[in-house]
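Written out below as structure tokens is the structure these notes cover.
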Amino acid sequence: MSPTPPARRLRLGLPRRMFAQVLLMQVAIAAGVAVLATGLFLAPLSDQLDDQAMRRALSIAQTTAAQPQIAEDLVSTRATADGPVQREAERIRKATRAEYVVVMNRGGVRWSHPTPGEIGRVVSTDPGQALAGHEVMQIDDGTLGRSARGKVPLRDGDGKIVGAVSVGIAYDSVRARLLHAIPGLLAYAGGALAVGALAAWLISRRVQRQTRDLAFSDISALLAEREAMLHGIREGVVALDRGGRIRLLNDEAQRLLGIGDEAVGRSLDEALGEGRTTDVLAGRVTGTDLLTVRGQRVLIANRMPTDDGGAVATLRDRTELEQLGRELDSTRGLIDALRAQDHEHANRMHTLLGLLELEMYDDAVEFVGEVVGDHRATAEQVTEKIQDPLLAALLVGKATVAAERGVALHLSDRTRLPDRLVDPSGLVTIVGNLVDNALDAVAGTPHARVEVELRAEGRTATLRVRDTGPGIPEEHRELIFTEGWSTKKPPAHRERGIGLSLVRRLAERQGGSATVDEAAGGGAEFTVVLPEALAEPELEPALSSPSAAQSTAEEESR
């Protein structure tokens, strides 16, 4: 038999859900405030009721002492139960509902009292202050119990003190008034507590909806998981508030955008500056998988609005993928060129074999010389004008690809570029992109021609690529340099609209420019100016002086 599962113990404490905890705390606060307010109100209420009772007793005593007949009767009659002083005092007592109205002479002997047997006896409390001419208010114990008392001196017609009047209000009536006020006060406190509890419940319900009824521990765990996820994923995340200000950046987003934590709280325009990246993240450019270039990085951006009016944008780095795509394009172009050369080589081999079989040896030698001379002339023409090996190799390869596609690729007679490039790979990227675009534009057109001109003036390099294609409409001449903008259908392995954008970015990085205009005779002419593309030329030792020539001659003779 399986062991009996242990009984579940009752757990006492706060509930787990945030909604219940907030409601419980708010109700507790409302109840505490109601109890505190009630206590603070009751504490002075008792003192106020005591003061009101003493002032009432003093007022009755003053009114009684103000009657001159009582002073005359006190002096002219004896203290008896049926005397005029007793009758008047009882009338006043009943009319004012006081507990007692006592009239006494200067010796403290009572002339009136609610209990007739006390008449003629000395009062139980000291009347000295009243007989001395002072008015007294106090709460004290006497023969009738605890009462609120007022004592005043009794004067005759000449103003001489002949006795005193003491009036008492039963303290039980004061306590009864206090107890009578408590239920109403508690009712008000209960009503306030009910309103506070209702408000607490409404607020807690709103909190419940906004937090989706999660517990505090769940929220804490979610925050920890969010931080770990945001800073652990290899995708940039940018969170924006409804005002377009950055409120969150993960590590990858900081790396891709080239900004730091100081950008948090700032608008996109302040943190990133103007450009397509800012427009995409701000939602001014809509769509999915939008291409943008930030510095030297090609990014894919997606933006998702949030319920609070903000948005979350994700960024993926496609720089390496774009490079691989371009290398693939170059490889495909090279394969096409090799395939064409192979086909051409096979035809030439067949021709050469036929000439040899026909024993036309002189013609065979002449044919081989012409073929070798054509290729050599092309390479020599390029290397003579372009002294940088990377750029020369690129143009030789592009010439082969152009010939296969039926396009004539020429170097301008004005082309002269020394081997002093500061960033050869950057210029290779610029030339390769512009030549590829030109070949795409003229391929399949009659008399297709692309001309490349590279000139150096001091440290400035100027590149012009002209073609005989359809040209670029004037209204599109700035759009073509925008990331993601292209009139050509994208291939399967990558997006279009990156090449010309990179050309302009590389030119602007060196303080230069990239523009397009209409070429002479039609077509497009792209111009790239790079102010500091070349290094300073090294100073060569002058050999024109006689001493230098003599020393050189001596060294050669030795």
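Just remember that our numbering sits 33 ahead of the position in the sequence shown, which is counted from 1.
Ideal Cβ placement from N, Cα and C applies to all residues, glycine included.
Asked                                                                                                                                                                     : Found
V297 by DSSP, collapsed to three states: which one?                                                                                                                       : coil
Tell me, to the nearest whole angstrom, how far the beta carbon of E551 is from that of V455; I am working on the premise that it is less than 8 Å.                       : Not really, about 31 Å apart at Cβ, beyond 8 Å.
Can you tell me whether G459 is buried or exposed, with buried defined as 16 or more other CB within 10 angstroms of its CB?                                              : buried
Grab the span of the alpha helix (DSSP H) containing L273 for me, first residue to last.                                                                                  : First-last for L273: 269 to 273, but that is the beta strand (DSSP E), not the alpha helix (DSSP H).
Can you give the Cα-Cα distance for I513 and P506, rounded to whole angstroms?                                                                                            : 10 Å
Distance check for D473 and A481, CA to CA, integer angstroms please.                                                                                                     : 11 Å
Report the option in A128, E132, R154, T148 whose CA atom is closest to the CA atom of G140.                                                                              : R154
Reducing DSSP to helix, strand and coil, say where K193 ends up.                                                                                                          : coil
Ends of the beta strand (DSSP E) at D500?                                                                                                                                 : 493 to 500
Does G147 pass the burial test, meaning 16 or more other C-beta atoms within 10 Å, or should it be called exposed?                                                        : The amino acid at residue 147 is misidentified as Gly; the sequence shows Pro. That one is buried.
Below 9 Å between beta carbons: does that hold for R600 and T448?                                                                                                         : The displayed coordinates of the chain run from 34 to 591. Any statement about residue 600 would go beyond what the structure contains.
What residue from L444, P479, E508, G328 has the CA that sits closest to L486's CA?                                                                                       : Position check: residue 486 holds Glu in this sequence, whereas Leu was assumed. Measuring from the Cα of E486, the nearest candidate turns out to be L444.
Can you say whether G269 is buried or exposed, counting buried as having 16 or more other CB atoms within 10 angstroms of its CB?                                         : buried
Is A53 helix, strand or coil by DSSP?                                                                                                                                     : helix
Quick check: the Cα distance between G477 and R275, rounded to an integer number of angstroms?                                                                            : 51 Å
So what does DSSP say about I62, is it helix, strand or coil?                                                                                                             : helix
Could you please give the first and the last residue of the uninterrupted alpha helix (DSSP H) stretch that includes T433?                                                : 422 to 437
Say whether the region 164 to 173 touches the region 218 to 232, bearing in mind that this needs 3 or more beta-carbon pairs closer than 8 Å, one atom from each stretch. : no
Please name the residue in E151, E508, E105 whose C-alpha comes closest to that of A114.                                                                                  : E151
Assuming A315 and G277 make a contact with CB atoms under 8 Å, what is their CB distance in whole Å?                                                                      : 6 Å
From A432 to R317, what distance separates their C-alpha atoms?                                                                                                           : 42 Å
Do three or more CB pairs link the region 96 to 114 to the region 169 to 184 at distances below 8 Å?                                                                      : no
DSSP beta-bridge partners for H443?                                                                                                                                       : E484
Nearest to N380 by CA position, among F400, M393, Y394, L391, is which residue?                                                                                           : F400
Buried or exposed for H526, going by 16 or more other Cβ atoms inside 10 Å?                                                                                               : Low local confidence applies: a pLDDT of 42 at H526 is under 50, so the model's placement there is unreliable, and no value is given.
Using the beta-carbon count (16 or more within 10 Å), is R542 buried or exposed?                                                                                          : exposed
If you run the structure through DSSP and keep just helix, strand and coil, what is L82?                                                                                  : helix
What does DSSP give as the partner residues of P186 in its beta bridges?                                                                                                  : A197
My assumption, with CB atoms under 8 Å, is that L107 sits in contact with V136. Please give the rounded CB distance.                                                      : 6 Å
Write down the C-beta distance between A63 and A233 rounded to the nearest angstrom, noting that I regard them as a contact closer than 8 Å.                              : 6 Å
Please report the residue range of the beta strand (DSSP E) in which D322 lies.                                                                                           : D322 -> no beta strand (DSSP E), and no H or E assigned at all.
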